[in-house]
Amino acid sequence: MAIPESFERDRAELAEGIRQLRAVSGMSGVAVAGRLGWSQAKVSKIETGKVVPSSEDVGALLDLYQPPTEVRERLEERAETLNDRYATLRMLRKRGLHRVQEDIGRNAQSTSVIRSFQPSLVPGLLQTPEYARAVFGQPLTMETTDVARAVRARLDRQTLLFDPERQFHFVITEAALRWRMGDSATMRAQLDRLANLSTLENVRLGVLPWNVFVPQVPKNGFTVLDEREVSVESFTTHRSISEPRDIRFHLEVFQLFADAAIYDDEARAFLAELTREHA
């Protein structure tokens with residue numbers, strides 16, 4: 150599995166920063182290991198970036214080296230990012246995708262406005278059971294995954310759609326709607342569900358056709374929870390972004406796509422045309 154460049158960069162920066170602090174201290178790797186009660190191999194793996202140290206391990210090293218406050222804060226932040234904001238696919242599988250869905254659901258419970266842009270897949274909150282089963286049943290996803298529990302957890306989240314106190318705004322590209330998940334019956338049911346949900350007063354569903362110009366390339370999907378967090382998923386990671394500047398950027402990007410999308414009767418007519426293609 151490929152590791153995202155940002156993960157590799159953060160890991161390398163943390164490893165190099167820790168290595169430099171040891172060099173400045175004048176201590177050998179063996180001496181550091183002895184002071185902390187670790188093996189010398191552990192110190193070496195941390196300094197070469199072969200392992201991601203826990204925040205506690207980084208704290209122990211920083212207590213030993215006593216770097217300037219600015220350096221300490223930077224390395225602590227890097228360690229927190231690596232340990233808390235990234236979850237490798239292996240970690241997600243170990244926990245179980247159904248638990249990941251449950252976590253997402255709990256996070257959404259405290260959210261009033263959800264904005265979701267998806268360029269390659271129907272958003273989880275809008276998926277039919279059959280479509281969700283096709284998503285979780287993909288070969289690289291279903292390995293060690295309880296598909297039935299993951300589907301059930303995803304469907305449980307969808308009750309949020311019928312809470313009039315919450316607002317939802319989805320923008321889905323034509324590519325996501327044409328990407329075939331399951332058989333024709335599955336696709337027809339999914340497109341029909343999108344059309345029906347688009348009539349809910351608290352749901353705004355936009356479709357972004359291929360022939361509409363947008364000034365920004367839709368590189369990846371993301372979901373903005375109120376204005377406090379952005380959730381981004383890739384093949385191997387699930388990242389939660391809470392930096393205000395990054396949240397503002399994603400909100401601006403979302404608005405670009407939203408402004409170019411079609412809605413209401415025009416969107417439902419578009420969905421009906423796609424549905425006929427699966428007849």
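With positions in the sequence shown counted from 1, the corresponding number in our numbering is that position plus 149.
Here a beta-carbon is modelled for each residue, glycine too, at the ideal position from N, C-alpha and C.
**Asked** Between I411 and the rest of its own chain, which residues show a CB-CB distance below 6 angstroms, the 5 nearest in sequence each way excluded?
**Response** V356
**Request:** Assess, as a yes-or-no matter, whether the stretch 308-321 is touched by the stretch 343-353 under the definition of 3 or more beta carbon pairs within less than 8 angstroms.
**Result:** yes
**Asked** Which one of R171, L163, P217 has the shortest CA to CA distance from S203?
**Response** L163
**Asked** Based on the DSSP secondary-structure assignment, which residues constitute the bridge partners of F317?
**Response** I263, V352
**Asked** Looking only at C-alpha atoms, which of N360, Q267, V373 sits nearest to E401?
**Response** V373
**Message:** One question on the structure: do R301 and L274 come within less than 9 angstroms of each other, judged by their Cβ atoms?
**Reply:** no
**Request:** Find the nearest neighbour of D464 within the set G331, R417, L310, judged by alpha-carbon distance.
**Result:** Absent from the structure is residue 464, since the part of the chain shown begins at 150 and ends at 428.
**Identity of the residues DSSP links to E378 by a beta bridge** = L374
**Message:** Classify P217: buried if its beta carbon has 16 or more other beta carbons within 10 angstroms, exposed otherwise.
**Reply:** exposed
**Request:** Would you kindly check if the distance between the Cβ of A190 and the Cβ of P268 is under 9 angstroms?
**Result:** no
**Range of the contiguous alpha helix (DSSP H) that encloses E196** = 189-196
**Request:** Work out the CA separation of L210 and S333 for me, nearest whole Å.
**Result:** 57 angstroms
**Message:** Need the endpoints of the alpha helix (DSSP H) that P268 sits in, please.
**Reply:** No alpha helix (DSSP H) holds P268; DSSP gives it neither H nor E.
**Item:** Short Cβ contact (9 angstroms threshold) for I263 with L309
**Value:** yes
**Asked** Is T277 helix, strand or coil by DSSP?
**Response** coil
**Message:** Would R168 and E196 be called neighbours here (beta carbons separated by less than 9 angstroms)?
**Reply:** yes
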